[in-house]
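Accompanying notes for the structure given below.
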Amino acid sequence: MRQINFGKAINEAYIEAMKFDKNVIAYGLGIDDPKGIFGTTLGLKELFGEDRVFDMPTSENAMTGVGIGVSLNGFRPVMCHQRIDFFLLAMDQLINNAAKWHFMFGGESSVPITIRLIIGRGWGQGPQHSQALQSLFAHIPGLKVVMPFSPYDAKGLLISAIEDDNPVIFIEHRWLHNISGHVPDERYKIPIGKSRIVKEGGDITIVASSYMTLESIRASEILKEHGIDAEIIDLRTIKPLDEDTILSSVKKTGRLAAVDGAYRSFGVAAEILALASEKSFSTLKCAPKRITFADVLTPTSWALANYYYPRAIDIASAVKVMFNIHGLSDEDTGLCPNTPLDIPDKSFTGPF
Amino acid sequence: MNNFIKKNPDISLELFRRMKKIRLTEEKIAERYCEGKMRCPTHLCIGQEAIAAAVGFLLRKNDFVLSTHRSHGHYLAKGGDLKKMLAEIYGKVSGCSKGNGGSMHLIDKSAGFMGSTSIVGGTIPVAVGLGLSIKLHKSDQISCVFFGDGAVEEGVFYESVNFAVLKKLPVLFICENNLYSVYSHLKVRQPQGRKIYKMVEAMGCPAIHGDGNNAVEVYEKVKSVIGPAREGKNPFFFEFKTYRWREHCGPNYDNDIGYRTEEEFIFWKKKDPIPFLEKKLLKEDVISKEGITVIEQEISKEIEEAFEFAEKSLFPQQNEVFKYLYDECAQ
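Protein chains in written order, with my numbering: chain S, 21 to 372; chain C, -18 to 312.
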């Protein structure tokens, strides 16, 4: 089977979407520079020309409004930002306009705009280059929020996002860009709003997304050594949330851990716990758990950052407690993979 | 100006008619607002009608217009449906935004009125995006956005003008400088002696200024750039001085609350754009006093019918609040 990495899958999604519909246009700061948004947009301008693929002024807010305007007259813009943090300058146009345009004009117009935002961690990114703000966007009615983990889903979901008639926030974790997996050659779509069970299991439901799905899969291997068979749901879409898949899994396993690579309070993990508490309380065998960043900003020093990000071992430890397993730590027993904490793995050499 | 009226009696009369329609509609809204049936923030443009009337008349039906919270005049002058506007203010399902918008969120795409929103400066980049769409479609339309003097204090204004100049987009930026952002006078918001149009000119955008209470002047100045704008030569910026008669939001006068003086109001009221043009129309024999009465009666009848339509229309059903959260037609 054909294997490509996540970043290349994003590139292919652009190409397929732009070949399929001549009204798809792509822009972002640095979209056609030599680095091409971590390689995800390389070659697009050569393929589709400078009318459809163009660099932009450092004007995140206006360029979001420009995307809205161009979308009101038949185009499907895909805007990208190399850091989610930069896009905070555009909250006015996103929240006041894009999210509300269809609603506040009684369905007269739609805003089919896709906004790619890249998140990451490690290598001293610090407080303003490391935020994962999916819950901020998911809080706003009218927006869709997509956060793929696998290269296969990245391609299919980006194509769906571009073809969707609503504003879609498409969040990519930088550490996934180099991860490879099976990706079909052709154009295909993964539906927005549907999660995927990446590993079936009967003892606990672990709900994760994006890079934390990978950490959860690693955690499930640790848990297996303790006789715990975890079911892992990769959300793929944060909003609209696939409630049915989560609830039927919780009903089956009776336990729930929600993993979110973001600030803790009022976050995606909290929403999933609320969902299970409200709609499946009687099936829970023990209190559900959140595994997230602490409610504190990201430090820059790698000495401090080492303690900041939850890893597989932290997910496994939190879950073990739910089964009353204490005692020897997994580091002691050699079950914890010895991965560096500020890079995804030893093969990763940037760009950051 | 008298020369213009002599040479263009039909245009002059149409400018008068459009101003009159806006004025009479808003006066009726003000008169009936206390009935408590128009339950949304309503910003009247009485006193400022000339700019809307002239620009709305100059643009083609398929040109785009975007506007602000104070948009009744822009909507009507561009040909927006009066019945649907009033039904919207009444919160009825027959309103132009099905009751989801109200006075501050008007739309009539069939007239090229693409939407008005209530965040200062919020539609400026959207108009620029529509300008980009025109350029990409290689059509000869124009995208026009109205905003006030407060909007040029927003960062998004500069970002938008910059992009429009960079890409040579067919955009008309129309700044209605009425001296106030809510109750804050220009002098506490911008340095003394600043000329807004000069500042914009320095950004590479040709900028023209004029008397916003003189419909003929607005018409002639905007008309002079319509050709180059359609050809995609560059965007154009206009600053027209004008004055809001009533309170920032609502049907009343508020000269007594202390942020502006009665003298200032009277000074501007004497510059009322409607009698100003009316006198000249009479002088040049473009129309008689009786003719003006007929126009007023026609407009009043139309307004009366529109109010009746709004009153008789149904309110949206409870479940309709979920109907337009997402557009799922194509899914």
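Built from N, CA and C at the ideal position, the CB exists for glycine as well. Here the structure is a predicted model, which is why all the values come from computation and not from measurement.
Separation of residue j from residue i, as counted between CA atoms
i, j, result
"histidine 202 of chain S", "leucine 137 of chain S", "23 Å"
"serine 114 of chain C", "leucine 5 of chain C", "36 Å"
"lysine 65 of chain C", "glycine 272 of chain C", "28 Å"
"proline 232 of chain C", "glycine 17 of chain C", "12 Å"
"serine 79 of chain S", "arginine 275 of chain S", "46 Å"
"isoleucine 135 of chain S", "alanine 294 of chain S", "28 Å"
"isoleucine 199 of chain S", "asparagine 25 of chain S", "5 Å"
"serine 281 of chain C", "aspartate 237 of chain C", "30 Å"
"glycine 54 of chain C", "lysine 261 of chain C", "22 Å"
"leucine 160 of chain C", "glutamate 265 of chain C", "33 Å"
"serine 236 of chain S", "asparagine 31 of chain S", "26 Å"
"histidine 193 of chain S", "aspartate 315 of chain S", "20 Å"
"tryptophan 195 of chain S", "serine 230 of chain S", "10 Å"
"aspartate 88 of chain S", "alanine 290 of chain S", "As written in the sequence, residue 88 of chain S is isoleucine, which differs from the aspartate given in the question. C-alpha separation (whole angstroms): 31 Å."
"tyrosine 328 of chain S", "aspartate 334 of chain S", "11 Å"
"alanine 239 of chain S", "proline 147 of chain S", "27 Å"
"isoleucine 160 of chain S", "glycine 80 of chain C", "20 Å"
"proline 77 of chain S", "leucine 108 of chain S", "16 Å"
"glycine 247 of chain S", "isoleucine 191 of chain S", "34 Å"
Beta-carbon gap between residue i and residue j smaller than 8 Å
i, j, result
"aspartate 105 of chain S", "asparagine 81 of chain S", "no"
"valine 146 of chain C", "asparagine 215 of chain C", "yes"
"alanine 325 of chain S", "threonine 318 of chain S", "yes"
"glutamate 96 of chain S", "valine 165 of chain S", "Residue 96 of chain S is actually arginine in this sequence, not glutamate. No; because the gap between Cβ atoms is not below 8 Å, this pair is not in contact."
"lysine 222 of chain C", "glycine 193 of chain C", "yes"
"alanine 34 of chain C", "alanine 58 of chain C", "yes"
"isoleucine 311 of chain S", "proline 330 of chain S", "yes"
"isoleucine 123 of chain C", "leucine 153 of chain C", "yes"
"serine 150 of chain S", "glycine 140 of chain S", "yes"
"glycine 63 of chain S", "histidine 197 of chain S", "no"
"glycine 144 of chain S", "tryptophan 322 of chain S", "yes"
"glycine 50 of chain S", "aspartate 75 of chain S", "yes"
"glutamate 27 of chain C", "tryptophan 249 of chain C", "First, the residue type needs correcting, since residue 27 of chain C is isoleucine and not glutamate in the sequence shown. Going by C-beta atoms, isoleucine 27 of chain C is not nearer than 8 Å to tryptophan 249 of chain C."
"glycine 61 of chain C", "alanine 108 of chain C", "no"
"leucine 163 of chain S", "proline 132 of chain S", "no"
"glutamate 220 of chain C", "arginine 170 of chain C", "no"
"lysine 119 of chain C", "lysine 148 of chain C", "no"
"leucine 92 of chain S", "leucine 111 of chain C", "yes"
"methionine 124 of chain S", "methionine 99 of chain S", "no"
"glutamate 128 of chain S", "serine 78 of chain C", "yes"
"leucine 234 of chain S", "phenylalanine 169 of chain S", "yes"
"lysine 1 of chain C", "isoleucine 276 of chain C", "yes"
"glycine 83 of chain C", "isoleucine 100 of chain C", "no"
"cysteine 230 of chain C", "proline -10 of chain C", "no"
"arginine 20 of chain C", "glycine 103 of chain C", "no"
"phenylalanine 217 of chain C", "proline 187 of chain C", "yes"
"valine 227 of chain S", "isoleucine 292 of chain S", "yes"
Cβ-based neighbour list, residue i, same chain, cut-off 6 Å, excluding 5 preceding and 5 following
i, result
"serine 52 of chain C", "Leu87, Ser97"
"alanine 29 of chain S", "Pro171, Ala174, Lys175, Val203"
"glycine 373 of chain S", "Outside the shown range of chain S, which is 21 to 372, sits residue 373 of chain S, and nothing can be said about it."
"alanine 152 of chain S", "Ile139, Gly281, Ala282"
"threonine 61 of chain S", "Ile51"
Beta-carbon contacts of residue i that lie in its chain and below 7 Å, excluding the five residues immediately before and after
i, result
"alanine 68 of chain C", "Ser75, Gly76, Phe290, Ala291, Ser294"
"serine 269 of chain C", "none"
"methionine 21 of chain S", "His202"
"glutamate -5 of chain C", "Phe38"
"glutamate 36 of chain S", "Ile179, Arg207"
"serine 141 of chain C", "Ile105, Pro106, Val109"
Neighbourhood of residue i by C-beta, 8 Å cutoff - its chain only, sequence neighbours within 5 removed
i, result
"lysine 214 of chain S", "Arg256, Thr257, Asp262, Thr265"
"tyrosine 208 of chain S", "Lys175, Gly176, Ile179"
"glutamine 312 of chain C", "Residue placement at glutamine 312 of chain C cannot be trusted, given a pLDDT of 45 that sits under 50; what the coordinates show is reported in the next sentence. Answer for glutamine 312 of chain C: no residue qualifies."
Proximity test, residue i beta-carbon vs the ligand SAH heavy atom, cut-off 7 Å
i, result
"valine 206 of chain C", "The model on display carries no ligand, and the ligand SAH is accordingly not part of it."
Where are the alpha helix (DSSP H) runs, 4 residues long or more, that stay fully inside the region 147 to 177 of chain S, in chain order? 154 to 158
Which parts of the region 21 to 64 of chain C are runs of the alpha helix (DSSP H), unbroken and 4 residues or longer, counting only runs that do not cross its ends? Correct list: 30 to 39, 53 to 58.
Taking a Cβ distance cut-off of 8 Å, strictly less, list which residues of the region 78 to 94 of chain S are near chain C, in chain order. Ser79, Asn81, Ala82, Met83, Thr84, Gly85, Val86, Gly87, Ile88, Gly89, Val90, Ser91, Leu92, Asn93, Gly94
So if I threshold CB-CB distances at 9 Å, which residues from the region 116 to 140 of chain S count as touching chain C? Asn116, Asn117, Lys120, Trp121, His122, Phe123, Met124, Phe125, Gly126, Gly127, Glu128, Ser129, Ser130, Val131, Pro132
Which residues of the region 72 to 96 of chain C have a Cβ closer than 8 Å to any Cβ of chain S? Give them in chain order. Gly76, Cys77, Ser78, Lys79, Gly80, Asn81, Gly82, His86, Ile88, Lys90, Met95, Gly96
According to a CB-to-CB cut-off of less than 9 Å, which residues of the region 3 to 21 of chain C neighbour chain S? none
Completely contained alpha helix (DSSP H) runs for the region 208 to 285 of chain S, where each covers 4 or more residues: 231 to 245, 263 to 273
Which of the residues in the region 95 to 118 of chain C, read from start to end, lie with their CB under 9 Å from any CB of chain S? Met95, Gly96, Thr98, Ser99, Ile100, Gly102, Gly103, Thr104, Ile105, Pro106, Val107, Ala108, Val109, Gly110, Leu111, Gly112, Leu113, Ser114, Ile115, Lys116, Leu117, His118
Using a Cβ-Cβ cutoff of 7 Å, what residues of the region 162 to 188 of chain S are near chain C? List them in chain order. Gly162, Asp185, Asn186
Residues of the region 36 to 62 of chain C with Cβ closer than 9 Å to any Cβ of chain S, in chain order: Phe45, Leu47
Note down, in chain order, all residues in the region 61 to 75 of chain S with a beta-carbon under 7 Å from any beta-carbon belonging to chain C. Listed by position along the chain: Asp71.
Just to confirm the assignment: which complete alpha helix (DSSP H) runs, minimum length 4, are found wholly within the region 59 to 145 of chain S? 64 to 68, 80 to 91, 121 to 124
Inside the region 169 to 225 of chain C only - alpha helix (DSSP H) runs reaching at least 4 residues: 177 to 182, 196 to 211
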